[in-house]
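Residues in the sequence shown are numbered from 1 upward in steps of one, following the UniProt record's numbering.
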Amino acid sequence: MAAPLTEAIPALLQRLSSTLQRPSASYILPAVVFTTLGQAHTWIGPVYQHAVRSLPPAPSTRSPSSLYPVEDDVPRRRVVRELKEAIQKSAILIGVPRAIEAQLHLGEVIEEGAKDDSFVREELEGVEPAEARRRGRAGLATVYQEDIGPIFEMMETDLKDVRWMSQQITYGAFLTPLDPPTADKPSRDPLAHDPALLSIVTLSAMVPQRTPREILWHLRGALRRGIPREEVETIHAAIAEVCAACGLKNVREGMPTVADVEVQKEERGAE
1 MAAPLTEAIP
11 ALLQRLSSTL
21 QRPSASYILP
31 AVVFTTLGQA
41 HTWIGPVYQH
51 AVRSLPPAPS
61 TRSPSSLYPV
71 EDDVPRRRVV
81 RELKEAIQKS
91 AILIGVPRAI
101 EAQLHLGEVI
111 EEGAKDDSFV
121 REELEGVEPA
131 EARRRGRAGL
141 ATVYQEDIGP
151 IFEMMETDLK
161 DVRWMSQQIT
171 YGAFLTPLDP
181 PTADKPSRDP
191 LAHDPALLSI
201 VTLSAMVPQR
211 TPREILWHLR
221 GALRRGIPRE
231 EVETIHAAIA
241 EVCAACGLKN
251 VREGMPTVAD
261 VEVQKEERGA
271 E
């Protein structure tokens, strides 16, 4: 698979900024795609520079990170935390080695004053299995809603370990914000402020892998999280464009698109 020409990456990132409606998406989406495709060494520097292009310089020395990223007084570190968490969440979908490589490469390109020492999953140390199940089931419900019962029943015969991993690990520890923001306090999860970012992470990891069943499920999940259908299509097209830049062309050919997803009750409610 050919690596993209380094000089072409900034132009592509600028196009993503112009087409994607959520500012964080213009760097989270390519970060997860290139991590999935094993091209962190080529992409991470340009993506980080694009993400912080309008932000003030980082301090010359490192300072302790705030517990909550929204309260961090170093804007570039907030970007770093979003990138780190997006890659961390993708690890359960694409494999740990590529996620580790991407985060190590990220550490090489950020300034000392933007480095982040936060521990998003600190509260998971010693957590009771029942709590992991509860959190995982709540996270699954945001994507699958009433479909989760039949899906788990389908797994009950021969896929008990897949069901356990989906609930306990995939959503219990990765794809569900560990402490959703409330009126009283923000979350330590940098992506918890916008549920759409979770769908951007999952789709950016699944579309390059061409997993039709999961792509369909998560296109539907994006609609259920309140992302307008037109925006879901824009996100899907942007992922395909980044894949093509990484040498993986026609990634959507023969795969589901948002046009294949039935109209959701969230869409009818918005009419």
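We treat Cβ as the ideally placed atom computed from N, Cα and C, and that holds for glycine. Values in this document were obtained by computation on a predicted structure and should not be read as measured data.
The DSSP-derived three-state label of Thr176 is coil.
The stretch 14 to 39 contains, as complete alpha helix (DSSP H) runs of 4+ residues, the segments 25 to 36 (chain order). Val79 sits away from Asp116, with the two beta carbons spaced by 7 Å or more. Between Ala222 and Val207, the C-beta gap is not smaller than 7 Å, which leaves the two residues out of contact.
Looking from the CA of Ala238, the closest CA among Leu124, Arg252 and Gly226 belongs to Arg252. Contact check for Pro10 and Pro46: beta-carbon distance about 6 Å, within the 8 Å limit, so the pair qualifies.
In the three-state reduction of the DSSP assignment, Glu111 falls in the coil class.
The three-state secondary structure of Phe119, taken from DSSP, is coil. Listed in chain order, the non-local C-beta contacts of Ala132 below 6 Å within the same chain comprise Gln168 and Gly172, local neighbours out to five positions each way being set aside. Three or more pairs of CB atoms, one per stretch, sit closer than 8 Å, so the stretch 49 to 66 contacts the stretch 100 to 112. DSSP, read as helix, strand or coil, puts Met255 in coil.
For Leu83, the three-state secondary structure derived from DSSP is helix. The C-alpha of Leu124 lies about 29 Å from the C-alpha of Tyr48. Just measuring C-alpha positions, the residue of Arg229, Asp161, Val242 and Lys265 sitting nearest Val258 is Arg229. Looking at the backbone, the Cα of Arg121 and that of Met154 are separated by about 31 Å. Comparing alpha carbon positions, the residue from Lys249, Gly247, Arg220 and Ala240 closest to Glu267 is Arg220. Taking the Cα of Asp194 as reference, the smallest distance to any Cα among Glu214, Ser18, Gly226 and Arg213 is reached at Gly226. Straight-line spacing of the CA atoms in Thr42 and Thr202 works out to 22 Å. Rounded to the nearest angstrom, the Cβ distance from Leu159 to Leu175 is 18 Å, too far for a contact under 8 Å.
Annotated three-state conformation of Leu67 is coil, per DSSP. Non-local C-beta neighbours of Leu191 in its own chain, meaning closer than 6 Å and more than five positions away in sequence, comprise Glu85 and Leu197, ordered along the chain. In this structure, the beta-carbon distance from Val32 to Ser187 does not fall below 7 Å.
It is roughly 43 Å from the alpha-carbon of Arg135 to the alpha-carbon of Glu7. The criterion of a C-beta distance shorter than 7 Å is not satisfied by Ser118 and Thr35. In this structure, the beta-carbon distance from Ala40 to His105 falls below 7 Å.
With at least 16 other beta carbons inside 10 angstroms of its own, Ala99 counts as buried.
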